[in-house]
Amino acid sequence: MRGRFVTFEGIDGAGKSTHLDWFVGTLRRRGLDVVQTREPGGSPLAESLRELLLHREMPIDTELLLMFAARRDHLDRLIRPTLADGRWVVCDRFTDSTYAYQGAGRGASSERIEWLEAWIHGDLQPDRTYLFDLDPALAARRRSSARAPDRFEAEELAFFERVRAGYRLRAQADPERFVVLDGERPIPEIRVILEQDIATIWNT
Ligand code: TMP
Numbered sequence: 002m003r004g005r006f007v008t009f010e011g012i013d014g015a016g017k018s019t020h021l022d023w024f025v026g027t028l029r030r031r032g033l034d035v036v037q038t039r040e041p042g043g044s045p046l047a048e049s050l051r052e053l054l055l056h057r058e059m060p061i062d063t064e065l066l067l068m069f070a071a072r073r074d075h076l077d078r079l080i081r082p083t084l085a086d087g088r089w090v091v092c093d094r095f096t097d098s099t100y101a102y103q104g105a106g107r108g109a110s111s112e113r114i115e116w117l118e119a120w121i122h123g124d125l126q127p128d129r130t131y132l133f134d135l136d137p138a139l140a141a142r143r144r145s146s147a148r149a150p151d152r153f154e155a156e157e158l159a160f161f162e163r164v165r166a167g168y169r170l171r172a173q174a175d176p177e178r179f180v181v182l183d184g185e186r187p188i189p190e191i192r193v194i195l196e197q198d199i200a201t202i203w204n205t
C-alpha cells in the first residue's frame, strides 16, 4: 500500500506539537510504519539551514529561498524515499507554513511561492493537513512559559494575526485536504476527531 503524507500546521503555540506526538503513537499502535519529521529540518543539511532560519536575521527573499532549499533536501533524502517504501510520513509543518509565514506574515508574493512549490514538489502534496487554529493572543500566552523565543516566535501579535488568516485561506481553498481543529477545544476532544479521521485517510 502507498504510504500517506500527513502534515500538521498552525501558528506557534496553537498546540500542534502535543497532538503530533500522540497522533504518531496512535498510528504506530495500529501497526503502521511511520516516520515523524519536521520543517524546516528533517535531514542533516536541512537541520543546519533551520538553525540559520530560526536565529539569523536575513531579507525575506533569502528566508523564502532557504525554506525551499531545506525542503528540497528533506524531500529528496527522507520524504520521497519513505513514501516510496510504503511507509507513512507525518511532518510538523510543510509548504502551507511558507504561504502563511513568508506569504501572509511577511508579504512575499504568493505567485513566487507557487512557482517555487511547483518546481520543488509540484507532483507531491500532503494527503491530509491538520490545521490547529487559535487566537494569536492565546497562543502567545501559551508560548510565554516555554523556552526563549526564536526569530518567528518573537514576532508581534499582528504578524500572527496575518499568519492565522493566511492559514485559514489555505484551508478554505482546499477543504478536501485540510481538517481545521479549534485549538481551544480540550485535548481529548481533539484526539477523538483525529482518531476518527485516520480511517478517512486510510481509505483515500
Ligand atoms: P517550529 O517551531 O514549529 O518547529 O517551526 C519553526 C518556525 O519556522 C515556525 O515559527 C514557523 C517557521 N516556518 C516558516 O516561517 N516557514 C516555513 O515554511 C516553515 C516550514 C516554518
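Position one of the sequence shown corresponds to residue 2 (the numbering used here), numbered consecutively onward. C-beta: ideal position from N, C-alpha, C; glycine also.
From the DSSP output, read off the bridge partner residues of Y131.
As a working note, residue 131 is residue 130 in the sequence shown. BP columns for Y131 point to F9 and V180.
Which two residues bound the contiguous alpha helix (DSSP H) that contains T38?
For this step, residue 38 is matched to residue 37 along the sequence shown. Where T38 is concerned, there is no enclosing alpha helix (DSSP H), although the beta strand (DSSP E) it sits in stretches over V35 to R39.
Using a threshold of 8 Å, state whether the C-beta atoms of I114 and Q126 are closer than that.
Along the sequence shown, one-based indexing puts residue 114 at 113. Along the sequence shown, one-based indexing puts residue 126 at 125. No, these two residues do not count as a Cβ contact at 8 Å.
Give a yes or no on contact between the stretch 48-62 and the stretch 17-34, applying the rule of three or more CB pairs nearer than 8 Å.
no
Whole-angstrom distance between L53 and A109, CA atom to CA atom:
As a first step, residue 109 must be located in the sequence shown, where it is residue number 108. As a first step, residue 53 must be located in the sequence shown, where it is residue number 52. Spanning the two alpha carbons is a distance of roughly 19 Å.
Per the DSSP calculation, D1 is bridged to which residue(s)?
Summary: the structure shown does not reach residue 1, with the chain confined to residues 2 through 205, and so no result is reported for it.
Is F153 near the ligand TMP, in the sense that its beta carbon is under 7 Å from a heavy atom of that ligand?
In the sequence shown, residue 153 corresponds to position 152, counting from 1. True, at least one ligand heavy atom lies under 7 Å from that Cβ.
Which of helix, strand or coil does DSSP assign to D74?
Walking along the sequence shown from the start, residue 74 turns up at place 73. The answer is helix: DSSP assigns D74 an H, G or I state.
By the DSSP assignment, the alpha helix (DSSP H) with E154 in it spans what residues?
Start at 1 with the first residue of the sequence shown, and residue 154 comes out as number 153. Segment: none, E154 is in no alpha helix (DSSP H) and carries neither H nor E.
Per-residue DSSP class, three states only, for S145:
Counted from its first residue, the sequence shown places residue 145 at position 144. Looking at S145 - three-state DSSP - the assignment turns out to be helix.
Can you tell me whether P60 is helix, strand or coil according to DSSP?
In the sequence shown, residue 60 corresponds to position 59, counting from 1. Of the three classes helix, strand and coil, the one that applies to P60 here is coil, per DSSP.
Beta carbon of S98: closer than 7 Å to some heavy atom of the ligand TMP?
For this step, residue 98 is matched to residue 97 along the sequence shown. Yes.
Considering only C-alpha positions, which residue in the set L65, R142, T96 and L135 is nearest to G123?
Within the sequence shown, the letter at position 122 stands for residue 123. The residue with the shortest Cα to Cα distance from G123 is T96.
Contact test: Q37 Cβ vs the ligand TMP heavy atom, cutoff 7 Å:
Mapped onto the sequence shown, residue 37 falls at position 36. Q37 Cβ: outside cutoff for every heavy atom of the ligand TMP.
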